[in-house]
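Engineer: One structure follows; several queries about it will come next.
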Ligand code: SF4
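Residue numbers (UniProt numbering): 273 to 956.
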């Protein structure tokens with residue numbers, strides 16, 4: 273093959289929040305190889321998804337032309353026809369029911385620029401704050417816990433800083449499968465530098481097996497053991513007194529709030545022995561820096577925000593902020609969860625977490641956009657579904673989100689989709705969600721567009737177009753602009769860099785971001801000052817509160833919404849597999865991955881298998897209060913007692929785990945409590 277016919281393009285992985293970057297080698301539409309060489313987050317590493325998960329771009333399931341529903345089928349349409357139809361229906365619904373009858377959902381798989389335009393469309397063209405993105409399904413509670421305590425919701429340091437920690441604690445994070453390259457750094461430090469590793473989880477995954485200490489708290493009780501450890505440290509006088517005096521407010525209120533969490537009571541609730549709780553406390557205070565990583569095992573609970581707050585409280589009590597090798601690491605799931613939220617694709621904030629109710633912010637946006645920001649209290653994803661059932665939301669424009677697989681209580685979500693008067697789905701594939709649409713708009717995946725992503729460590733990186741859009745598909749930013757203009761907006765962005773210039777002018781966190789400063793493998797971590805200087809480590813000069821001090825926030829324990837009972841006697845846990853990404857829309861279409869990886873399974877403990885007479889491969893049905901699925905049993909030592917585990921990654925309707933999960937949520941953020949589900953098991 274002639275070297276000059278091969279194109280090498282820098283891109284950023286779309287499969288998790290680590291944000292690995294690399295060059296993709298292509299010839300025509302063939303992907304020859306992925307070569308990591310200079311990635312600021314990953315160096316020369318990728319995992320299996322980043323290396324082999326790209327063939328989906330040529331899948332015959334791609335949507336390559338606009339589709340319009342006709343009865344129970346779809347017909348191909350021109351872009352002009354589809355855009356006119358969308359503009360007419362949105363205008364009619366707005367005229368009949370007001371702007372708040374429409375709702376918009378952005379995607380954490382899309383670029384920052386695309387999320388920005390989606391919320392701009394909702395706010396400045398339609399006039400509603402009914403705007404959200406899929407961070408609502410995962411990390412909103414972590415952000416809430418950090419806002420309450422330290423003021424910024426992002427990772428407090430860089431991924432590479434974790435290697436400097438004396439102790440890493442992972443809570444409810446299957447890091448080796450969900451954030452593999454980051455896990456590799458921890459594994460290396462643990463093995464070569466003597467870094468200590470504590471894992472708290474329900475399932476004995478790889479990181480748990482490698483840990484110096486692995487604890488299995490009862491489901492949904494992390495808040496209790498974290499609070500008990502904090503109380504023990506304060507009782508014993510082991511707190512970082514100097515740090516607390518200099519940098520932290522509200523110690524007395526916090527101390528009173530955890531009064532009830534003695535070691536005895538914590539043992540009773542969590543099942544973790546008092547000796548082990550004491551050991552955790554001593555490990556933290558004796559370590560030269562502690563980093564706590566957490567993910568969906570913490571956040572997807574009714575008390576997800578409370579537990580995230582407890583994590584940050586514990587870090588503050590022990591002085592574990594303001595230096596590399598210490599701090600909070602809420603590990604973002606999607607590649608651009610951080611960015612989609614940064615861009616204001618949320619109901620209550622415009623870009624950079626600026627309140628929609630702040631008069632100065634409103635005036636700034638009005639001057640730039642030439643329209644007033646809407647004043648309604650916008651709905652989040654979860655409220656939108658209820659709003660559809662209640663008849664107040666009539667139309668939804670959703671991009672890049674397989675809501676019909678990944679939202680909780682899918683049977684309820686399906687009913688909502690069917691009740692909509694008008695539903696636009698903008699997608700790369702003809703997804704399950706698209707089956708409910710009135711119009712499907714063909715979008716281009718990351719390899720076919722330019723833009724930026726922001727990873728879990730707040731690092732903004734560019735991706736470049738490696739392939740031309742397939743068929744009539746277009747990058748999402750071009751489609752949103754076309755929809756806005758069909759509605760009379762008059763936008764004229766020629767390239768995503770112009771959108772970023774607008775973002776930088778309105779969002780202080782991104783003030784110094786330009787495409788030139790992100791050229792090639794260069795990157796910036798927010799906040800980025802106007803002169804282009806960035807912030808690898810947050811909080812070096814205090815916390816972003818008026819007096820520069822963090823706050824110990826009195827949180828509260830929220831118990832299980834679905835405790836086990838006689839009828840539903842098993843706890844359902846769920847999560848990712850290493851090889852697949854979320855619903856699997858991309859990885860199941862990548863032969864390099866699917867040929868090697870088994871489908872969905874129902875993992876049960878050896879104890880439960882003995883009790884119920886189960887063996888590997890046996891078909892069983894799981895039944896919850898919300899629905900039922902069936903699948904094959906996998907007996908393993910990774911799950912414990914009356915807990916079962918089901919991967920969330922499946923394309924097959926009979927196996928979708930979210931037929932089992934309910935509509936109950938984290939109380940503060942409405943993130944679904946996917947991990948709080950009781951089921952029974954029926955042998956088929
Ligand atoms: Fe890196 Fe995550 Fe992509 Fe794997 S999935 S290559 S860890 S960004």
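The beta carbon of each residue, even a glycine, is placed where N, CA and C say it ideally should be.
From a predicted model like this one, the values you see are computed outputs, not experimental measurements.
Where do the N-terminal and C-terminal ends of the beta strand (DSSP E) with residue 698 fall, by residue?
Structural biologist: Here residue 698 refers to the residue found at position 426 of the chain shown. Here the beta strand (DSSP E) through residue 698 covers 694-699.
Engineer: Looking at the secondary structure, which residues open and close the beta strand (DSSP E) in which residue 915 lies?
Structural biologist: For the purposes of this step, residue 915 is identified with residue 643 of the chain shown, where counting begins at 1. From DSSP, the beta strand (DSSP E) with residue 915 extends over 915-919.
Engineer: Between which two residues does the beta strand (DSSP E) holding residue 843 run?
Structural biologist: Mapped onto the chain shown, residue 843 falls at position 571. Where residue 843 is concerned, the enclosing beta strand (DSSP E) stretches over 842-847.
Engineer: For my contact list, residue 390 and residue 375 are in at a C-beta cut-off of 8 Å; report their separation, rounded to the angstrom.
Structural biologist: On the chain shown, position 118 is the one that residue 390 refers to. On the chain shown, position 103 is the one that residue 375 refers to. In fact, because the Cβ distance is near 11 Å, the residues do not count as touching under 8 Å.
Engineer: Taking Cβ positions, are residue 550 and residue 515 nearer each other than 8 Å?
Structural biologist: Position 278 of the chain shown, counting from 1, holds the residue named residue 550. Position 243 of the chain shown, counting from 1, holds the residue named residue 515. Going by C-beta atoms, residue 550 is not nearer than 8 Å to residue 515.
Engineer: I'd like the ranges of any alpha helix (DSSP H) spanning at least 4 consecutive residues and lying wholly in the segment 762-793.
Structural biologist: You should have 768-778.
Engineer: Look at the alpha carbon of residue 716 and the alpha carbon of residue 766, and state the distance between them as a whole number of angstroms.
Structural biologist: The residue given as residue 716 occupies position 444 in the chain shown. The residue given as residue 766 occupies position 494 in the chain shown. For residue 716 and residue 766, the distance between alpha carbons rounds to 17 Å.
Engineer: If contacts are defined as beta-carbon pairs under 8 Å, then residue 450 and residue 288 qualify, I think. What distance do you get, rounded to the angstrom?
Structural biologist: On the chain shown, residue 450 is found 178 positions in, with the first residue counted as 1. On the chain shown, residue 288 is found 16 positions in, with the first residue counted as 1. Yes, residue 450 and residue 288 are in contact; Cβ-Cβ is about 6 Å, under 8 Å.
Engineer: Who does residue 950 pair with in a DSSP beta bridge?
Structural biologist: For the purposes of this step, residue 950 is taken as the residue at position 678 of the chain shown. Per DSSP, 843.
Engineer: Taking 7 Å as the cut-off, is the C-beta of residue 921 nearer than that to any heavy atom in ligand 3?
Structural biologist: With respect to ligand 3, the structure offers nothing, as its ligand set consists of ligand 1.
Engineer: Within its chain, find whatever has a CB closer than 6 Å to the CB of residue 560; leave out the 5 residues flanking it on each side and keep chain order.
Structural biologist: Stepping through the chain shown from its first residue, residue 560 is reached at position 288. Cβ neighbours of residue 560 beyond the five flanking positions: 438.
Engineer: Look up residue 410 in the DSSP assignment and say whether it is helix, strand or coil.
Structural biologist: Translated into the one-based positions of the chain shown, residue 410 becomes position 138. Here residue 410 sits in coil by DSSP.
Engineer: Name all residues in chain order for which at least one heavy atom of ligand 1 lies closer than 5 Å to the residue's CB.
Structural biologist: Counting every residue whose Cβ lies closer than 5 Å to a heavy atom of ligand 1, we get 285, 287, 288, 290, 292, 318, 319, 321, 322, 452, 453.
Engineer: Helix, strand or coil for residue 602? Go by DSSP, reduced to three states.
Structural biologist: Within the chain shown, the letter at position 330 stands for residue 602. Reduced to three states, the DSSP call for residue 602 is strand.
Engineer: Between 688, 692, 552, which has its C-alpha nearest residue 365's C-alpha?
Structural biologist: Position 93 of the chain shown holds residue 365. Taking only the C-alpha atoms, the option nearest residue 365 is 692.
Engineer: Short check: CB of residue 326 to CB of residue 745, under 8 Å?
Structural biologist: On the chain shown, position 54 is the one that residue 326 refers to. On the chain shown, position 473 is the one that residue 745 refers to. It is not a contact, given that the beta carbons lie outside the stated cut-off.
Engineer: Note the first and the last residue of the continuous beta strand (DSSP E) segment covering residue 302.
Structural biologist: Stepping through the chain shown from its first residue, residue 302 is reached at position 30. Its beta strand (DSSP E) spans residues 302-307.
Engineer: Are the beta-carbon atoms belonging to residue 871 and residue 922 less than 8 Å from one another?
Structural biologist: One-based indexing of the chain shown puts residue 871 at position 599. One-based indexing of the chain shown puts residue 922 at position 650. The answer is yes: Cβ separation under 8 Å.
Engineer: Report the rounded CA-to-CA distance for residue 299 versus residue 277, giving the unit in angstroms.
Structural biologist: Sequence index remark: in the chain shown, residue 299 carries index 27 (1-based). Sequence index remark: in the chain shown, residue 277 carries index 5 (1-based). Computed Cα separation, rounded: 6 Å.
Engineer: Check whether the Cβ atoms of residue 311 and residue 725 sit closer than 8 Å, and answer yes or no.
Structural biologist: Along the chain shown, read from residue 1 onward, the residue named residue 311 stands at position 39. Along the chain shown, read from residue 1 onward, the residue named residue 725 stands at position 453. No, the pair does not count as a contact, with Cβ atoms beyond the cut-off.
Engineer: According to the neighbour-count rule (16 or more other Cβ atoms, all chains shown, within 10 Å of its Cβ), is residue 525 buried or exposed?
Structural biologist: The sequence position of residue 525 within the chain shown is 253, counting from 1. Its Cβ having fewer than 16 others within 10 Å, residue 525 is exposed.
Engineer: Could you tell me the distance, in whole angstroms, from the CA atom of residue 546 to the CA atom of residue 538?
Structural biologist: Walking along the chain shown from the start, residue 546 turns up at place 274. Walking along the chain shown from the start, residue 538 turns up at place 266. Those two C-alpha atoms are separated by around 8 Å.
Engineer: Can you give the Cα-Cα distance for residue 599 and residue 454, rounded to whole angstroms?
Structural biologist: Position 327 of the chain shown, counting from 1, holds the residue named residue 599. Position 182 of the chain shown, counting from 1, holds the residue named residue 454. Spanning the two alpha carbons is a distance of roughly 15 Å.
Engineer: Need the endpoints of the beta strand (DSSP E) that residue 668 sits in, please.
Structural biologist: Within the chain shown, the letter at position 396 stands for residue 668. Looking at the DSSP string, the run of the beta strand (DSSP E) that includes residue 668 is 667-671.
Engineer: Taking the alpha-carbon positions, what's the residue 789 to residue 729 distance?
Structural biologist: For the purposes of this step, residue 789 is identified with residue 517 of the chain shown, where counting begins at 1. For the purposes of this step, residue 729 is identified with residue 457 of the chain shown, where counting begins at 1. Each residue's alpha carbon lies about 18 Å from the other.
Engineer: Are residue 951 and residue 895 close, meaning C-beta to C-beta below 8 Å?
Structural biologist: Translated into positions along the chain shown, residue 951 becomes position 679. Translated into positions along the chain shown, residue 895 becomes position 623. Yes, the pair counts as a contact, with Cβ atoms nearer than the cut-off.
Engineer: Could you name the residues of the same chain whose beta carbon sits closer than 8 Å to that of residue 732, not counting the 5 residues immediately before and after it, in chain order?
Structural biologist: Working through the chain shown from its first residue, we reach residue 732 at position 460. Result list for residue 732: 384, 611, 724, 725, 726, 782, 785, 790, 795, 796, 797, 798, 800, in chain order.
Engineer: For residue 397, report the span of its beta strand (DSSP E) as first-last.
Structural biologist: The residue labelled residue 397 in the question sits at position 125 within the chain shown. Neither: residue 397 is in no beta strand (DSSP E) and is coded neither H nor E.
Engineer: Reducing DSSP to helix, strand and coil, say where residue 618 ends up.
Structural biologist: Here residue 618 is taken as the residue at index 346 of the chain shown, counted from 1. Residue state, collapsed to three classes: coil.
Engineer: Determine the direct distance from the alpha carbon of residue 945 to that of residue 500, and round the result to whole angstroms.
Structural biologist: Within the chain shown, the letter at position 228 stands for residue 500. Within the chain shown, the letter at position 673 stands for residue 945. Using only the alpha carbons, I get a separation of about 23 Å.
Engineer: Could you give the first and the last residue of the continuous alpha helix (DSSP H) run that contains residue 454?
Structural biologist: As a working note, residue 454 is residue 182 in the chain shown. From DSSP, the alpha helix (DSSP H) with residue 454 extends over 452-464.
Engineer: When the distance is taken between beta carbons, is residue 615 closer than 8 Å to residue 419?
Structural biologist: Start at 1 with the first residue of the chain shown, and residue 419 comes out as number 147. Start at 1 with the first residue of the chain shown, and residue 615 comes out as number 343. Not in contact: residue 419 and residue 615 (Cβ atoms no closer than 8 Å).
Engineer: Which residues bound the beta strand (DSSP E) around residue 566?
Structural biologist: Numbered from its first residue, the chain shown carries residue 566 at position 294. Looking at the DSSP string, the run of the beta strand (DSSP E) that includes residue 566 is 562-566.
Engineer: From residue 824 to residue 513, what does the alpha carbon distance come to, in whole angstroms?
Structural biologist: Here residue 824 is taken as the residue at index 552 of the chain shown, counted from 1. Here residue 513 is taken as the residue at index 241 of the chain shown, counted from 1. About 14 Å.
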